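Asker: Right, I'll just put the structure down here and ask away after.
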Amino acid sequence: MRDKEAETQSVRIVQVAPLKAEGVSNQTVVEAPPGLIPAALEEPAVMPTLPAATATATATASPTASPTPQPTLTPETAPTQTKATNRVVVPKLDLEREVLTSPIVRGTWQVEHLEQAVGHLEGTASPGANSNFVLAGHVDLITGEAGPFARLDQLTPGDLIIVYEGNKEFYYIVDTFYTVEATRVDVTYPSDTGQITLITCTNWSEATGRYVDRLIVKGHLIKI
Numbered sequence: 000m001r002d003k004e005a006e007t008q009s010v011r012i013v014q015v016a017p018l019k020a021e022g023v024s025n026q027t028v029v030e031a032p033p034g035l036i037p038a039a040l041e042e043p044a045v046m047p048t049l050p051a052a053t054a055t056a057t058a059t060a061s062p063t064a065s066p067t068p069q070p071t072l073t074p075e076t077a078p079t080q081t082k083a084t085n086r087v088v089v090p091k092l093d094l095e096r097e098v099l100t101s102p103i104v105r106g107t108w109q110v111e112h113l114e115q116a117v118g119h120l121e122g123t124a125s126p127g128a129n130s131n132f133v134l135a136g137h138v139d140l141i142t143g144e145a146g147p148f149a150r151l152d153q154l155t156p157g158d159l160i161i162v163y164e165g166n167k168e169f170y171y172i173v174d175t176f177y178t179v180e181a182t183r184v185d186v187t188y189p190s191d192t193g194q195i196t197l198i199t200c201t202n203w204s205e206a207t208g209r210y211v212d213r214l215i216v217k218g219h220l221i222k223i
């Protein structure tokens, strides 16, 4: 998710009236406590080769001479590729991305460092907690590449989301999805049950040169 002119700028956090239903708009905007949600989220080894071993055997005149030992060649072994410790997996979208922290700096969430990673919004719940765990991801990058949440709109109720944190796994099931204005921050508010919220940009405006809305996917925790 990006502005085509200034996609790397952070956006101010605001608070609005609680979400009543999908598609609700025209809410009154007021200043929010620090650390709730940006008004907009911006969007972005060579295998070592061992030298070939060679050896030349030299014969001797003595009938009792032992053959010259040949060196033992050790097959090259590819380095083990490890997965990120913290990551989110969405099987339906064939999506697996590292989860980084999106810290709050001077009242705004920093997201420009995410690129193809997904950001856990600082101040929201940890995965597996009985509250609202919020992840934000770009819909596209300033380079024109599709972002990690480019196909978030293809999720439907019942789809699985898996979150890995260290050696723990947390399973969520998608409940609903809807679009809100970019100023709606209530989607990040705490909940009293285990919940996941995925956020990305949607509805590009040629007039303003930015995405004006946010696509929200909500799910509930089913297994820790």
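Residue numbers for the sequence shown follow numbering that gives the first Met the number 0, so the first one is 0 and each next one is one higher. Think of the CB as a built atom: it goes at the ideal place given N, C-alpha and C, for glycine as much as any other residue. Please read all numbers here as calculations on a predicted model, not as lab measurements.
(1) So, is histidine 137 buried or exposed, given that buried needs 16 or more other C-beta atoms within 10 angstroms?
(2) Out of Glu114, Val184, Ala206 and Val179, state which residue places its alpha-carbon closest to the alpha-carbon of glutamate 144.
(3) Is lysine 217 closer than 8 Å to threonine 175 when the C-beta atoms are compared?
(4) Report the residue ranges of all beta strand (DSSP E) runs contained in full by the region 105–147; include only those spanning at least 3 residues, in chain order.
(5) If I'm right that valine 117 touches valine 133 with Cβ under 8 Å, what's the distance once you round it to whole angstroms?
(6) Identify the continuous beta strand (DSSP E) that holds asparagine 85 and give its terminal residues.
(7) If you count every other CB in all the chains shown that lies within 10 Å of the CB of threonine 196, and 16 or more means buried, which is it?
(8) Would a C-beta distance cut-off of 8 Å place valine 179 and isoleucine 215 closer than the cut-off?
(9) Taking the continuous beta strand (DSSP E) assigned at glutamate 180, which residues delimit it?
(10) From arginine 236 to arginine 86, what distance separates their C-alpha atoms?
(11) Where does glutamine 153 land, buried or exposed, given buried means 16+ other C-beta within 10 angstroms?
(12) For proline 189 versus alanine 124, is the C-beta distance shorter than 8 Å?
Answerer: Taking the geometry as given:
(1) Classified as buried, histidine 137 has 16 or more neighbouring CB atoms from the shown chains inside 10 Å of its CB.
(2) Nearest C-alpha to glutamate 144: Glu114.
(3) Cβ atoms of threonine 175 and lysine 217: closer than 8 Å.
(4) List check, beta strand (DSSP E) in window: 117–120 and 131–135.
(5) In this structure valine 117 is not in contact with valine 133, their Cβ atoms being roughly 11 Å apart against a cut-off of 8 Å.
(6) Looking at the DSSP string, the run of the beta strand (DSSP E) that includes asparagine 85 is 85–89.
(7) Here threonine 196 is buried, its C-beta having at least 16 other C-beta atoms within 10 Å.
(8) Cβ atoms of valine 179 and isoleucine 215: closer than 8 Å.
(9) From DSSP, the beta strand (DSSP E) with glutamate 180 extends over 167–180.
(10) There is no way to answer for residue 236, as the model of the chain reaches only from 0 to 223.
(11) The residue is exposed, with fewer than 16 neighbouring Cβ atoms inside 10 Å.
(12) The answer is yes: Cβ separation under 8 Å.
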